[in-house]
Every structure is written in C-alpha cells, then in structure tokens.
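Remarks on the structure that follows.
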Amino acid sequence: MTVTVTVTAPRANAGLGAAGLTDCGVMEYPTPDDPARAPVWENYVTAQGALAALRLVPPYAHALGIEVDGNDVVLVVQVPPEAPESDEDIDDIVLQLEVLLGDAVTVRTRTDVRPECTLSPTGGVNDRVRWFFAGRYVGED
C-alpha cells in the first residue's frame with residue numbers, strides 16, 4: 001500500500017473564507033479600517049442592527065435606526081411621548097448588536113420622543129440615521 005501526502009505552502013491571498021472565518025476557524029469582525037468582506041461599514045452595521053432587532057421591536061416604537069461614526073454606533077429609537085422611559089427589549093437589541101459587531105465597537109442608545117414617526121432628513125440630528133424599521137400603525141382603528 002502506497003500513501004501519498006502532498007504538502008503545500010499557504011496561499012498568499014489566504015484570509016477570510018466565505019463565512020467570515022479565518023483559515024484557523026476564528027471569526028473576524030469587519031471594522032471601519034478593515035471592512036473584511038463587508039462592502040461598506042455603515043451598511044454592515046445597519047444590517048446587523050436589523051438582525052439584532054428581530055422579534056424585539058417594542059409595539060409602541062415609531063422607528064429604529066443606526067447612526068455610525070467609525071467604531072461609535074448609536075441605536076436610535078423613535079417613540080411617542082407616552083412610551084416607557086426604559087424597555088428590556090431595547091436593552092436586548094443593544095446587547096445583540098454588541099455581540100454581532102464585536103468588542104472594538106461601542107454601542108449606545110438615543111431615544112427621540114416624537115408625536116409621530118419622522119424619517120425624512122430635516123437638516124437636524126436625524127440626517128445621519130440609517131432607518132431599518134418604521135411602524136405601520138397610523139392613527140386609530
């Protein structure tokens with residue numbers, strides 16, 4: 001019986017596989033300086049925000065969005081004036097987002113109190129927000 005073993009040198013372009021894993025199986029997170037396979041850092045963070053919010057968006061929320069400034073990420077939550085001041089679901093979204101983005105990213109929350117959902121740029125604070133959820137409920141039944 002003859003056994004042939006072939007040993008090859010590592011490829012010069014070896015790096016992240018299709019699943020975002022290194023050749024050693026270690027997860028590599030995209031960053032603003034090295035987006036890995038993420039096409040644009042802001043798009044990647046917005047997609048991760050939407051993923052983190054799945055099944056967790058409070059029923060009273062007008063809208064949820066992400067504001068990205070490098071490694072500083074803000075989850076923006078638009079709520080009506082009668083909304084509770086804190087919500088475990090929002091805290092869970094932040095925790096999920098921190099896990100999805102890795103340790104190098106800081107995630108904070110900003111609550112915008114508005115009588116109704118406002119997503120259009122107004123020349124104000126919301127111009128940098130990438131909205132990924134808007135409530136469909138408008139008015140009374």
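Just so you know, we're using my numbering here: the sequence shown kicks off at 1 and counts up by one.
Just so you know, even glycine gets a beta-carbon here, dropped at the ideal spot from N, CA and C.
Cutoff 8 angstroms; reference Asp141; Cβ partners in own chain excluding five residues on either side:
Summary for Asp141: the model assigns pLDDT 44, below 50, so the residue's position carries little reliability; its value from the coordinates is reported in the next sentence. Excluding residues within five positions, none has a Cβ falling inside 8 angstroms.
Going by beta carbon distance, what residues of the same chain come within less than 6 angstroms of Arg142, once the five residues before and after it are set aside?
This structure cannot settle anything about residue 142, because the visible part of the chain is limited to 1 through 141.
Assuming the contact rule is C-beta atoms closer than 8 angstroms, Thr106 and Asp72 should be a hit. Round their C-beta distance to whole Å, please.
Contact between Thr106 and Asp72 holds, with the beta-carbon distance rounding to 5 angstroms and staying under 8 angstroms.
Since Asp127 and Pro121 should fall inside the 8 angstroms C-beta cutoff, what is the C-beta to C-beta distance between them, to a whole number of angstroms?
The C-beta distance from Asp127 to Pro121 rounds to 5 angstroms, short enough to meet the 8 angstroms contact threshold.
Residues sharing a beta bridge with Trp131, DSSP
Checking the DSSP bridge columns, you'll see Trp131 partnered with Gly65.
Name the residue from Gln96, Val68, Ala63 whose alpha carbon lies nearest to the alpha carbon of Ala83.
Answer by Cα proximity: Ala63.
Roughly how many angstroms lie between the CA atoms of Glu28 and Val45, to the nearest whole one?
C-alpha separation (whole angstroms): 15 angstroms.
Beta carbon of Ile93, beta carbon of Gly49: below 9 angstroms?
Yes, the pair counts as a contact, with Cβ atoms nearer than the cut-off.
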